[in-house]
Amino acid sequence: MFKIPVSVLVVIHSADLQVLLLERADAPGFWQSVTGSQDPGETLVETAIREVGEETGLEAGRYALNDWHQENRYEIYQRWRHRYAPGVSHNTEHVFGLLLPEARPVTLAPREHLDQIWLPWQEAAEKCFSWSNAAAIRRLAPSPSGRGPG
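For what it's worth, my numbering labels the leading residue of the sequence shown as 2, then goes sequentially.
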């Protein structure tokens with residue numbers, strides 16, 4: 002079965018703006034937030050909750066999961082296009098934030114990720130290989146009112 006070209010990006014962060022990054026097993030050295038494609042019949046929120054659980058072991062429903070109402074459309078890297086139906090070249094990504102009280106270790110899915118790291122938001126944005134992931138993390142920057150996107 003081919004993947005649906007609709008995905009979620011979930012920026013997991015702590016109240017003090019530490020951001021969790023995961024190192025991809027299929028691309029060592031590529032760091033990212035939780036990502037994953039929507040399954041047939043799922044809402045985007047359901048996709049976000051499922052992916053967070055699969056990739057980190059966290060129960061997203063126990064924390065503040067927020068739809069940031071941000072969409073990114075990008076070309077799928079050639080190395081991963083075989084996962085999609087013939088002729089599919091672009092994906093639409095929907096961005097969510099998951100606020101935890103503090104940084105904590107997570108349980109990685111070994112087939113998906115090699116390592117985890119919590120970094121201050123600025124360093125996390127710099128470490129991401131994906132421009133859309135870096136841009137989402139930069140939304141955590143405190144505004145003059147002292148609040149990020151939530």
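Even for Gly, the Cβ is constructed at its ideal location relative to N, Cα and C.
Nearest CA to the CA of residue i: which residue from the options?
i: F97; options: T108, H14 and I5; result: H14
i: R82; options: R74, N92 and N73; result: N92
i: T57; options: V35, D17, E43 and R80; result: V35
i: D116; options: L59, P106, V7 and V11; result: P106
i: E103; options: R74, A65 and V89; result: A65
i: W69; options: K4, V9 and F3; result: V9
i: W67; options: E47, R74 and A142; result: Before going on, a small fix: residue 67 reads as Asn here, not Trp. Among E47, R74 and A142, the Cα nearest to that of N67 is on E47.
Closer than 8 Å by C-beta to residue i: which residues in its own chain qualify, once you throw out the five before and the five after it? Chain order, please.
i: E72; result: T93, E94, H95 and V96
i: A26; result: P111, R112, E113, H114 and L115
i: R74; result: H91, N92, T93 and E94
Going by beta-carbon coordinates alone, are residue i and residue j separated by less than 7 Å?
i: A135; j: C129; result: yes
i: W132; j: V20; result: no
i: Y85; j: P6; result: yes
i: L120; j: L18; result: no
What residues in its chain sit with their C-beta under 6 Å from that of residue i, if we drop five residues either side in the sequence?
i: A61; result: I50, V53 and L99
So, at 7 Å on beta carbons, what are the nonlocal neighbours of residue i in its own chain, with the 5 sequence-adjacent residues on each side left out?
i: A125; result: V20, L22 and I138
i: Q79; result: none
i: V11; result: S34, V35, A49, E52, V53, F97 and L99
Exercise. Quick one: which unbroken beta strand (DSSP E) runs of 3-plus residues sit fully inside the segment 84-137? Chain order, please.
Key: 91-101 and 114-121
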